[in-house]
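One structure is given below, encoded as structure tokens.
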Amino acid sequence: MKAWQVARDWSIEGMELAELPEPAPGPGQVAVRMKAASLNYRDLLTIQGKGGVTRLPLIPFSDGAGEVIAAGEGVSRVAVGDRVCPMFFQSWIDGKVSASSRRYALGGTRPGVLQQVMVLDAEGVSRIPSHLSFPEAATLPCAGLTAWRALFEEANVQPGDTVLVQGTGGVSIFALQFAKLAGASVIVTSSSDDKLERARALGADHTINYRSVPEWGKAAAEWTGGGVDHVVEVGGKDTFAQSLEAARVGGTILVIGVLTGFSQQIAIPSLFAKNLHVIGLSVGSRRMFEGMTAAIGRNAMRPVIDRVFGFDAVPDALRLMQQGGHFGKIVVEFP
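Following the working numbering, the numbering of the sequence shown begins with 432 at its first residue and continues without gaps.
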């Protein structure tokens, strides 16, 4: 089988397409023929040597979907022919997050999804909604689930709440779609008027171009008449101060990304003065994934895909993510 590996060094240029033996499942395992994968910013960081992984070679990427082609002894929860997604955290089935539940992560401490056949524990896969294609389903395990957990497992978004979403990348667009399903009002920020127009077409109630309105936190607070209930924070050091400004007293800031880098400086007085809840999170459990896919199925929701690349063009897909010009998800389709 073919697989992409980070092999020569930690860089996009250090990746190579390799021929590897096709694995077979043992007891309690399934073999999944992968059909599609999607890109996350975490994958780019890992390939660049910034993901905490030190040993080469590494099969990268965290998000994917495929079909079960073989099942080992004792497997009953899925069957040959089922369309499934591998879970990012292979050992986090249910319950609260813990060090042990986060130990085995695809594309990091475990080989990722950029291989034609994966062998996984049967407990570490879950069926996908029947109306979705493999490329659409491949966007769900990380980006989709992170947005879902933020809004409904951590923030408990209710009808009538206001959610501010930063940017138009994968997690942000999922957050927009999920928040609208919940009956919330959504504010979207971006530096592109074209992307803001596309966000409005998806249901955004208000949009702010942060280049023309640098004090977008104040603008969002004014639009709501007192501040937003929930901020989906993806930027990091260049956006957090504005998120504090945008949030209402008693509001929630959900930190799910650091696209502009890290900072040790936090405006502690604002946290006290506004009694804010700041929650850091990444991805979620299989139980959360199954709640999300049930909602996607009930509402016939479709993920937003910006562009699909062939399996041989993985480096080009990564460079597009590096440029940051996408709206929604970037996907790789397998042969």
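For each residue, glycine too, the CB sits at the ideal point set by N, CA and C.
Contact between the stretch 598-617 and the stretch 547-564 is absent: fewer than three C-beta pairs spanning the two stretches fall below 8 Å. With 16 or more neighbouring CB atoms inside 10 Å of its own CB, A610 falls in the buried class. Here DSSP, grouped into helix, strand and coil, assigns R717 to helix. Here G722 carries a helix assignment [DSSP, helix/strand/coil]. Close CB contacts of V484 within its chain, under the 7 Å cut and outside five residues either way in sequence, are with T477 and G539 (chain order). Taking 9 Å as the cut-off, the Cβ atoms of P491 and A449 do not count as close. Under a 10 Å Cβ-count criterion, S643 is classified as exposed, with fewer than 16 other Cβ atoms of the shown protein chains found around its own Cβ. When DSSP states are grouped into helix, strand and coil, M518 belongs to the coil group. When the alpha-carbon of V499 is set against those of F565, G741 and P452, the nearest one is in F565. Under the three-state reduction of DSSP output, G555 falls in the helix class. For S564, no pairing in a beta bridge is given by DSSP. Annotated as proximal: V745 and W435, with beta-carbon spacing under 9 Å.
In this structure V686 is in contact with G711, their Cβ atoms being roughly 4 Å apart against a cut-off of 8 Å.
Between T570 and D474, the C-beta spacing is not below 9 Å. In the displayed model, E664 falls within a strand according to three-state DSSP. Between A468 and F765, the C-beta spacing is below 9 Å.
Straight-line spacing of the CA atoms in H708 and V714 works out to 19 Å.
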